[in-house]
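Peer 1: Per this note's numbering: the sequence shown = residues 49 to 422. All C-beta atoms, glycine included, are put in the ideal place defined by N, C-alpha and C. Since the structure is predicted, the reported quantities are computational estimates derived from the model, not experimental observations.
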Amino acid sequence: MNTEIEIAERVRLTYTQPPSNKEYRLELVRSGDGWIVNFAYGRIGSALKTGAKTNAPTDYASARTVYDRQLASKLNEGYIVDGADGASQTAGYQAPTAKEDTGLRPQLLEPITLDDATQYIGGDRWWMQPKYDGNRVFVIANDTEVYGANRKGQRISLPLTVVEWTRSKAERFGGFVLDGELVGETYFVFDILRFNSNWITRRPYQFRLSALAVLMRQSLSDAETTVCVVLAETAKTFVDKAALFDRLDKENAEGVVFKRMDAPYKPGRFETQVKCKFWESASFIVKAQNVGVRSIELGLLCCADGDEIVGWGNCTVPSNYALPAVSAIVEVKYLYVDDHVYQPQYLGERTDVDRKDCVPGQLKFKPGSRHATT
Numbered sequence: 049m050n051t052e053i054e055i056a057e058r059v060r061l062t063y064t065q066p067p068s069n070k071e072y073r074l075e076l077v078r079s080g081d082g083w084i085v086n087f088a089y090g091r092i093g094s095a096l097k098t099g100a101k102t103n104a105p106t107d108y109a110s111a112r113t114v115y116d117r118q119l120a121s122k123l124n125e126g127y128i129v130d131g132a133d134g135a136s137q138t139a140g141y142q143a144p145t146a147k148e149d150t151g152l153r154p155q156l157l158e159p160i161t162l163d164d165a166t167q168y169i170g171g172d173r174w175w176m177q178p179k180y181d182g183n184r185v186f187v188i189a190n191d192t193e194v195y196g197a198n199r200k201g202q203r204i205s206l207p208l209t210v211v212e213w214t215r216s217k218a219e220r221f222g223g224f225v226l227d228g229e230l231v232g233e234t235y236f237v238f239d240i241l242r243f244n245s246n247w248i249t250r251r252p253y254q255f256r257l258s259a260l261a262v263l264m265r266q267s268l269s270d271a272e273t274t275v276c277v278v279l280a281e282t283a284k285t286f287v288d289k290a291a292l293f294d295r296l297d298k299e300n301a302e303g304v305v306f307k308r309m310d311a312p313y314k315p316g317r318f319e320t321q322v323k324c325k326f327w328e329s330a331s332f333i334v335k336a337q338n339v340g341v342r343s344i345e346l347g348l349l350c351c352a353d354g355d356e357i358v359g360w361g362n363c364t365v366p367s368n369y370a371l372p373a374v375s376a377i378v379e380v381k382y383l384y385v386d387d388h389v390y391q392p393q394y395l396g397e398r399t400d401v402d403r404k405d406c407v408p409g410q411l412k413f414k415p416g417s418r419h420a421t422t
């Protein structure tokens, strides 16, 4: 029987400022089809008390968020990574400092309405793809390492399966940079910015998508079958776009994205890439964890430069997600908003959204609501 345990991250921290002499251990471990975060603590040299920071196995991204937050909390308390004073660090872990800026910035999507979508479906220069419900992530491969970057351009870790897939491709194609959406442990890729160690952002999307297909070793007409990395389905003709639009709507997908096939890649918001959502979502601050139930109170800042958090209702957290901590930023899908959020559905934590962006201005209010702008 194979009893080997897959451990993604493990770290030992110590706090030895007099009169304290204690340690804290943290590990991110696979459990069945999911991941859990375990911890242990106590006096150095004594039996340690143990526990888990996750209530049940969850997806890698959620567990990683719990792990990183707990590690940051302990470092803020004054703990240091074992060996950080010059000795080797535990399990190859590097103590985080300030978030490393990779210099990458994504091209963001301009919103359009369902009524607007008709002209894009009929437009010859517009290609259409599903809008994925995850976190925007760059995947970077160079001669020495593989890593990710979030929407802010900050360096982040990637699921081990994505890292292994990327390494296998880098052996044949050299350095490259992918742009896509990380949903759980699956990476949906829809653009490539660097290929064979050459930047191709100035080339039209048609060229970049062809280069991406070469990297994926398949034709554009087929869906990628790799479990951990999936090439975004792309519809180019009126018939294909209309069929994909209807199918995604029936599947209760988040929405669709339209991209000009002759446009370069430019960081920021430009009208060459737009999104049409079938339902609304917003980023909230966890105002409180409700006692006795798996639910949270959703909060928003009164304004971007304010500190007061106002409640906008409660949201159940499914059992396959870790319960987010107070002050965490989470994404919630909803039907509409009046004085509170109606039919909220929890989508997970967001590590790529700033707290200042969690304001009522991002909400879509019910027609006639006193909060709606005229």
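Is TYR390 closer than 8 Å to TYR369 when the C-beta atoms are compared?
Peer 2: No, Cβ-Cβ distance for TYR369 and TYR390 is not below 8 Å.
Peer 1: One question on the structure: do SER110 and GLU299 come within less than 8 Å of each other, judged by their Cβ atoms?
Peer 2: No, the Cβ-Cβ distance between SER110 and GLU299 is not below 8 Å.
Peer 1: Between ASP355, ASP81, GLY126, which lies nearest to GLU54 when the distance is taken from Cα to Cα?
Peer 2: Nearest of ASP355, ASP81, GLY126 to GLU54, Cα basis: ASP81.
Peer 1: Using a Cβ-Cβ cutoff of less than 8 Å, which residues in the same chain neighbour ALA291 once the five nearest sequence positions on both sides are dropped?
Peer 2: Closer than 8 Å at Cβ, skipping near neighbours: ALA283.
Peer 1: According to DSSP, simplified to helix, strand and coil, what is TRP213?
Peer 2: In this structure, TRP213 counts as helix in the three-state DSSP scheme.
Peer 1: What does the alpha-carbon distance come out to for the pair THR214 and SER367?
Peer 2: Near 31 Å, if we compare the C-alpha coordinates of SER367 and THR214.
Peer 1: Which class does ILE248 belong to by DSSP, given the choice of helix, strand or coil?
Peer 2: The answer is coil: DSSP assigns ILE248 none of H, G, I, E or B.
Peer 1: From this set, THR364, VAL385, HIS388, PRO408, which residue's C-alpha is nearest ASP353's C-alpha?
Peer 2: For ASP353, the nearest C-alpha among the options comes from PRO408.
Peer 1: Indicate the three-state DSSP secondary structure (helix, strand or coil) for PRO178 in the structure shown.
Peer 2: If DSSP states are grouped into helix, strand and coil, PRO178 belongs with the strands.
Peer 1: Could you name the residues of the same chain whose beta carbon sits closer than 8 Å to that of GLU219, not counting the 5 residues immediately before and after it, in chain order?
Peer 2: Nothing listed; no residue qualifies.
Peer 1: So, do the segment 95 to 108 and the segment 64 to 84 have three or more beta carbon pairs nearer to each other than 8 Å?
Peer 2: Segments in contact, yes.
Peer 1: Using the C-alpha atoms, what's the distance from TRP360 back to GLY196?
Peer 2: One C-alpha to the other measures close to 33 Å.
Peer 1: Please classify LYS122: does DSSP put it in a helix, a strand, or coil?
Peer 2: Helix.
Peer 1: In the structure shown, what three-state DSSP assignment does VAL231 receive?
Peer 2: In the structure shown, VAL231 sits in a strand (DSSP, three-state: E or B).
Peer 1: Return the CA-CA distance between ILE169 and THR192, expressed in angstroms with no decimal places.
Peer 2: Approximately 42 Å, taken between the alpha carbons.
Peer 1: Return the first residue and the last residue of the alpha helix (DSSP H) that LYS335 is part of.
Peer 2: Counting along the chain, LYS335 falls outside any alpha helix (DSSP H), though it belongs to the beta strand (DSSP E) covering 328 to 337.
Peer 1: Runs of 3 residues minimum, wholly inside the segment 334 to 368: which ones carry the beta strand (DSSP E) assignment?
Peer 2: You should have 343 to 349, 357 to 364.
Peer 1: Measure the C-alpha to C-alpha separation of ALA16 and CYS324 and round it to an integer number of angstroms.
Peer 2: Nothing about residue 16 can be read from this structure; the chain reaches only from 49 to 422.
Peer 1: May I ask you to report which of helix, strand or coil DSSP gives ALA280?
Peer 2: Looking at ALA280 - three-state DSSP - the assignment turns out to be coil, as it is neither helix nor strand.
Peer 1: Could you check how far apart the C-beta atoms of VAL305 and MET176 are, in whole angstroms? I think they sit under 8 Å.
Peer 2: With 8 Å as the limit, VAL305 and MET176 qualify as a contact, their Cβ atoms being about 7 Å apart.
Peer 1: If contact is defined by three or more beta carbon pairs under 8 Å, each pair taking one atom from either stretch, is the segment 58 to 78 in contact with the segment 113 to 125?
Peer 2: Cβ pair count under 8 Å is three or more, so yes.
Peer 1: Determine the direct distance from the alpha carbon of GLY316 to that of PRO154, and round the result to whole angstroms.
Peer 2: Answer to the nearest angstrom: the Cα atoms are 7 Å apart.
Peer 1: Determine the burial state of LYS289: buried for a count of at least 16 other Cβ atoms within 10 Å of its Cβ, exposed for fewer.
Peer 2: LYS289 is buried by the Cβ-count criterion.
Peer 1: Over what stretch of residues does the alpha helix (DSSP H) that includes PHE413 continue unbroken?
Peer 2: Element bounds for PHE413: n/a, residue is neither H nor E.
Peer 1: Starting from CYS324, follow its DSSP beta bridges and name the residues at the other end.
Peer 2: Paired residues: ILE160, VAL304.
Peer 1: Taking THR351 as the reference, give the member of SER343, CYS363, CYS406, ALA259 with the closest Cα.
Peer 2: In the sequence under discussion, the amino acid at residue 351 is Cys, which differs from the Thr named in the question. Checking every option, the nearest Cα to that of CYS351 belongs to CYS406.
Peer 1: Buried or exposed: which applies to TRP174, given that a residue is buried once 16 or more other Cβ atoms fall within 10 Å of its Cβ?
Peer 2: Classification for TRP174: buried.
Peer 1: Out of PRO312, GLY90, TYR235, which one is the CA nearest neighbour of ILE439?
Peer 2: Outside the shown range of the chain, which is 49 to 422, sits residue 439, and nothing can be said about it.
Peer 1: Would you kindly check if the distance between the Cβ of THR150 and the Cβ of ARG184 is under 8 Å?
Peer 2: No, these two residues do not count as a Cβ contact at 8 Å.
Peer 1: Check this for me: beta carbons of ARG242 and GLY223, under 8 Å apart or not?
Peer 2: Yes; because the gap between Cβ atoms is below 8 Å, this pair is in contact.
Peer 1: Between ILE377, ALA311, VAL194, which lies nearest to LYS404 when the distance is taken from Cα to Cα?
Peer 2: Looking at the Cα atoms, ILE377 is the closest of the given residues.
Peer 1: From PHE318, PRO392, VAL385, THR399, pick the residue whose C-alpha is nearest to that of PRO415; which is it?
Peer 2: With distances taken between Cα atoms, PRO415 lies closest to VAL385.
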